[in-house]
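Colleague: Just dropping this structure here.
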Amino acid sequence: MKRRATAVWNGSGKDGKGHLTTQSTVLNQTQYSFGSRFEEGIGTNPEELVGAAHAGCFSMKLAFNLQEAGFTPTELKTNCEIVFEDGSIVASNLTLTATVDGISKDKFDELVKDAETNCPISKLLNTKISVSHTLN
């Protein structure tokens with residue numbers, strides 16, 4: 043499987059602007075700029091997209107882990123905070139709230155740890171990753 047995305051940038055780093063398009067066109071000429079990355083401007087930014095990718099990937103990996111262990115989650119809600127300092131992503135902090143009937147805390151903790159370590163985006167990131175979680 044291969045997935046594609048295209049970034050087009052016009053102009054200088056601070057004064058330019060660009061747009062992003064994904065193969066699925068979920069992002070279709072979605073704007074990004076210095077303002078959307080470093081200020082409160084309109085549009086998205088690479089760090090926000092990394093956060094969405096990490097939250098989504100982690101949630102799916104955990105869902106597969108739960109399924110393999112005989113559990114079906116009612117809901118997995120994962121928030122991701124990407125910490126960007128001095129030109130580098132220094133952390134990806136995941137916060138999970140999960141509703142999974144019939145699972146013990148120890149088993150859930152084990153499956154969360156595996157998802158943290160083995161989701162493809164976690165493997166891709168060269169940064170500190172943390173997961174805090176609540177099981178309802």
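Be aware that the sequence shown starts at 43, since it is given in the numbering used here, and climbs by one per residue.
Backbone N, C-alpha and C define an ideal beta-carbon position, used for all residues, glycine too.
1) Starting from the N-terminal side, write out each stretch of the alpha helix (DSSP H) that is 4 residues or longer and does not extend beyond the segment 124 to 168.
2) List the endpoints of the continuous alpha helix (DSSP H) containing lysine 103.
3) Would the segment 57 to 68 and the segment 117 to 130 be scored as touching if the rule is three or more Cβ pairs under 8 angstroms?
4) Which term fits valine 92, buried or exposed, when burial requires 16 or more other beta carbons within 10 angstroms of its beta carbon?
5) Are the beta-carbon atoms belonging to phenylalanine 100 and serine 174 less than 8 angstroms from one another?
6) Hey, out of Asn135, Pro88, Lys155, whose CA is closest to valine 50's CA?
7) How far does the beta strand (DSSP E) with serine 174 in it extend, from its first residue to its last?
8) Could you give the distance in angstroms between the alpha-carbon of glycine 60 and the alpha-carbon of leucine 104?
9) How is glycine 77 classed by DSSP in three states: helix, strand or coil?
10) Please classify threonine 67: does DSSP put it in a helix, a strand, or coil?
11) Could you check the C-alpha separation between isoleucine 84 and arginine 46 for me, to the nearest Å?
Modeller: On the basis of the supplied data:
1) Listed in chain order, the complete alpha helix (DSSP H) runs (minimum 4 residues) inside the segment 124 to 168 are 147 to 160, 162 to 166.
2) For the purposes of this step, residue 103 is taken as the residue at position 61 of the sequence shown. For lysine 103, the uninterrupted alpha helix (DSSP H) run begins and ends at 88 to 110, by DSSP.
3) In this structure the segment 57 to 68 does not touch the segment 117 to 130; the number of beta carbon pairs closer than 8 angstroms is below three.
4) On the sequence shown, position 50 is the one that residue 92 refers to. By the 10 Å Cβ count, valine 92 comes out buried.
5) The residue given as residue 100 occupies position 58 in the sequence shown. The residue given as residue 174 occupies position 132 in the sequence shown. Going by C-beta atoms, phenylalanine 100 is not nearer than 8 angstroms to serine 174.
6) Stepping through the sequence shown from its first residue, residue 50 is reached at position 8. For the residues Asn135, Pro88, Lys155, the minimum Cα distance to valine 50 belongs to Pro88.
7) By one-based count along the sequence shown, residue 174 stands at place 132. That run of the beta strand (DSSP E) goes 170 to 177.
8) What you label residue 60 is simply residue 18 of the sequence shown in a count that begins at 1. What you label residue 104 is simply residue 62 of the sequence shown in a count that begins at 1. Taken atom to atom, the span from the alpha-carbon of glycine 60 to that of leucine 104 is near 34 angstroms.
9) On the sequence shown, position 35 is the one that residue 77 refers to. Glycine 77 sits in a helix when the DSSP states are folded into three classes.
10) Taking the first residue of the sequence shown as position 1, residue 67 is located at position 25. If DSSP states are grouped into helix, strand and coil, threonine 67 belongs with coil.
11) For this step, residue 84 is matched to residue 42 along the sequence shown. For this step, residue 46 is matched to residue 4 along the sequence shown. For isoleucine 84 and arginine 46, the distance between alpha carbons rounds to 24 angstroms.
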